[in-house]
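Chains V and X supply the protein sequences, listed in that same order. In terms of this note's numbering, the first sequence opens at residue 109 and continues consecutively. In terms of this note's numbering, the second sequence opens at residue 109 and continues consecutively. The beta carbon of each residue, even a glycine, is placed where N, CA and C say it ideally should be. These notes concern the structure reproduced below.
There are 2 protein chains.
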Amino acid sequence: MTRSDPAAELTREVLDRVAATPDPRLRELLAAAVRHLHAFAREVGLTPDEWLAGVRFLTAVGHMSDERRQEFILLSDTLGMSSLVETIAHPAAGVATEATVLGPFYVPDAPWRAAGDSIAILDPDGVPALVRGRVRGPGGTGLAGAVLDVWQCASNGLYDVQDPAQPRGNMRGRFRADDAGRFTFRTSRPVSYTIPSDGPVGALLRASGRHPWRAAHIHVIVSADGHLPVTTHLFDAADSYLDSDAVFGVRDSLVKEFVTQPDGSTLVEHEFVLRVA
Amino acid sequence: MTRSDPAAELTREVLDRVAATPDPRLRELLAAAVRHLHAFAREVGLTPDEWLAGVRFLTAVGHMSDERRQEFILLSDTLGMSSLVETIAHPAAGVATEATVLGPFYVPDAPWRAAGDSIAILDPDGVPALVRGRVRGPGGTGLAGAVLDVWQCASNGLYDVQDPAQPRGNMRGRFRADDAGRFTFRTSRPVSYTIPSDGPVGALLRASGRHPWRAAHIHVIVSADGHLPVTTHLFDAADSYLDSDAVFGVRDSLVKEFVTQPDGSTLVEHEFVLRVA
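Written as structure tokens, this is what we have:
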């Protein structure tokens, strides 16, 4: 048997094997993964030493991951994969609010809080911020009873789940909009913070000449009956890392001014627009 | 800022960031990895749930890996990546012996043994096999003092490092060819065996309708002064898994007849051809 291109023949052999996968979607995913993985190796001429370095890197990423730390999500985040998957799942549709990454610090079932309450239960160094606005549908109608599920790190750059000094539920809360879709809550003005950089992903960032900083933001998942929920951020327009967010989460439409008030606190206003389900 | 294709713009943003990597080879590898990873996600329309399943799968592969078990190498093997990297590193050059995968069971510094000795120190169920032949250069000259570093599983399908009942060094040995490049050693006729399939890679094989069997083979690394070493196998032509080897290691040129002798033992002859360094 003559073989003009043994590497190409090998890829075809693997694709033939994968083609027997019973589940059609898994079959499609595996075939595409094999094609792209092999194309990568052939394009760069991946050497055995580089392959072994890759195996060791992925193993270290796995060993760094547990219930409290997900280094593979960090890897995905810093390679822009997480943001890409969000973008594919939620293409910007006209006026609707853009989605961005969920991140690893979301905790379901945040405490319900009353309109105007603060999520900053313990954040002594925070600059107070009032966040207010409206949730509406594409046609402009306010969405009565829309829910904002909000979370954020404290002013020390740590989320409650990372910081034993914070009570659980600190810097988190769920708020229900009024009959006109209007909402108001208080928090601290968000700060820039670093993603965990003491593991293999941090080492890769350093080797790439990249920093581990995320642009300051408030996380929010906005939902309302009959509409598609959106997982998004509000970014502080004054932040230094908007152009180099370590996880590629910034969307221009999500960057807002935090306007300083006479008493030193800040005010940010935003309208969330949900698509009809 | 208008964006006709936010996903494509995101990929460009990640590539711009990676372009600052100081080391040129790491820069090339990262850029290619990002392009192929993003192209995969866009091509299949990877959903957030599928992305999370991928994160969990890779985490499980990492958690399964330790000093004795390398599940990422198994993953690479079963996706044909290991075989591809070997093929890229050692393109078949005319008459030279084809390379194939090293596999996870190689142990350096195997015991030196005398010509004609057996590596089967403990393998009561093995069918004896005599392996003999020659190591030569591309021009036909025998390579004096060429070294064969040989390893194989016992007839229970386990390598010594997997099996506490086998003495270390069982089914392993280094042999030096004579002044004409001729070699002779004894072993057991190789058997088919399964790669470890109790982990996430085994689960993926089952989901793909694939079996975990490797075609029966003897591993050998052949080296000689002034020539490029080759990491290869000798496959048994009578094996049932030659067309479906779980790790895509079979090369037609490496499949040999194990000829049964009057006393029930077997004989296989092979010539290894090394390229000039």
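1) Who pairs with V/W259 in a beta bridge, going by DSSP?
2) Which residues in chain V sit within 8 Å of X/G253, going by Cβ to Cβ distance?
3) Within the chosen definition, does the stretch 176-190 of chain X reach the stretch 226-233 of chain V through at least 3 CB pairs nearer than 8 Å?
4) If you reduce the DSSP assignment to three classes, tell me which class V/V309 lands in.
5) Name the chain V residues whose beta carbon is nearer than 8 Å to that of X/V363?
6) Checking the sheet assignment: what are the DSSP bridge partners for X/W220?
7) Where does the unbroken beta strand (DSSP E) through X/S296 begin, and where does it stop?
8) Going by DSSP, which residues form a beta bridge with X/A237?
9) Thinking just about the alpha-carbon of each residue, which of X/T186, X/D124, X/A128, X/G170 is nearest to the one in X/G317?
10) Excluding five sequence neighbours on each side, which residues of the same chain lie with their C-beta closer than 7 Å to the C-beta of X/V384?
11) For chain X, find out if any of its Cβ atoms is closer than 7 Å to the Cβ of V/M109; answer yes or no.
12) Nearest-angstrom Cα distance between X/L123 and V/H171?
13) Would you call the CB atoms of V/F380 and V/L362 closer than 7 Å?
14) For the stretch 139-150 of chain X, which residues have a beta carbon sitting closer than 7 Å to at least one beta carbon of chain V?
15) Measure the C-alpha to C-alpha separation of V/R276 and V/V269 and round it to an integer number of angstroms.
16) Can you tell me whether DSSP reads X/E179 as helix, strand or coil?
17) Give the C-beta separation of X/E194 and X/A207 to the nearest angstrom, bearing in mind that I take them to be a contact with Cβ-Cβ under 8 Å.
18) Should the stretch 309-327 of chain V be regarded as contacting the stretch 123-140 of chain X, the criterion being three or more beta carbon pairs within less than 8 Å?
19) Given a threshold of 16 other Cβ atoms within 10 Å of its Cβ, counted over all protein chains shown, does X/E117 qualify as buried or as exposed?
20) Give me the residue from X/D271, X/V142, X/G202, X/V258 with the minimum Cα distance to V/P114.
21) Pull up the distance between the alpha-carbon of X/M109 and that of V/D360, whole angstroms please.
22) In its own chain, which residues sit with a C-beta less than 6 Å from the C-beta of V/S305, not counting the 5 before and 5 after it?
23) Does the stretch 158-172 of chain X come close enough to the stretch 168-184 of chain V to have 3 or more Cβ pairs within less than 8 Å?
24) Can you tell me which of V/A288, V/S173, V/P199 puts its alpha carbon nearest to the alpha carbon of V/L251?
25) Look up X/F148 in the DSSP assignment and say whether it is helix, strand or coil.
26) When the Cα atoms are used, what is the spatial distance from V/V142 to V/S184?
27) Between the Cα of X/D157 and the Cα atoms of V/A197, V/D286, V/L145, which residue gives the shortest distance?
28) Between which two residues does the beta strand (DSSP E) holding X/V338 run?
29) Residues in the stretch 322-333 of chain X with C-beta within 7 Å of chain V's C-beta atoms, listed in sequence order?
30) Count the other CB atoms, across all protein chains shown, that sit within 10 Å of the CB of X/P216; report buried if there are 16 or more and exposed otherwise.
31) Quick one: grab the DSSP three-state call for X/R318.
32) Leaving aside the five residues before and after V/S263 along the sequence, list all residues of the same chain whose C-beta is less than 7 Å from its C-beta, in chain order.
33) Residues bridged to X/T302 by DSSP?
34) Per DSSP, V/T368 forms a beta bridge with which residues?
35) Within the continuous alpha helix (DSSP H) that includes V/D107, where are the two ends?
36) For V/S226, does the three-state DSSP call read helix, strand or coil?
In terms of the structure at hand:
1) According to DSSP, V/W259 bridges with V/R280, V/H327.
2) Chain V residues near X/G253: none, gap ~25 Å exceeds 8 Å.
3) no
4) DSSP, read as helix, strand or coil, puts V/V309 in helix.
5) Result: empty, since nearest Cβ-Cβ is about 11 Å, beyond 8 Å.
6) X/R282
7) From DSSP, the beta strand (DSSP E) with X/S296 extends over 290-296.
8) X/T295, X/T374
9) X/T186
10) G245, P246, G334, H335
11) Bear in mind that the predicted position of V/M109 carries a pLDDT of just 43, short of 50, making it unreliable; the figure below should be weighed with that in mind. Cβ-Cβ to chain X under 7 Å: yes for V/M109.
12) 27 Å
13) no
14) A140, A141, V142, H144, L145, H146, A147, F148, A149, R150
15) 7 Å
16) helix
17) 5 Å
18) yes
19) exposed
20) X/G202
21) No answer about X/M109 holds up, because its pLDDT of 43 lies below 50 and its placement is not dependable.
22) P320
23) yes
24) V/A288
25) helix
26) Taking the straight line from one Cα to the other gives about 19 Å.
27) Check the Cα spacing between X/D157 and each of V/A197, V/D286, V/L145: the tightest is with V/A197.
28) 338-344
29) none
30) When all chains shown are included, X/P216 counts as exposed.
31) coil
32) The residues are D231, D233, G234, S296, V299.
33) X/W321
34) V/T374
35) The first residue shown for chain V is 109 and the last is 385, placing residue 107 of chain V beyond what the model contains.
36) Three-state DSSP puts V/S226 in a strand.
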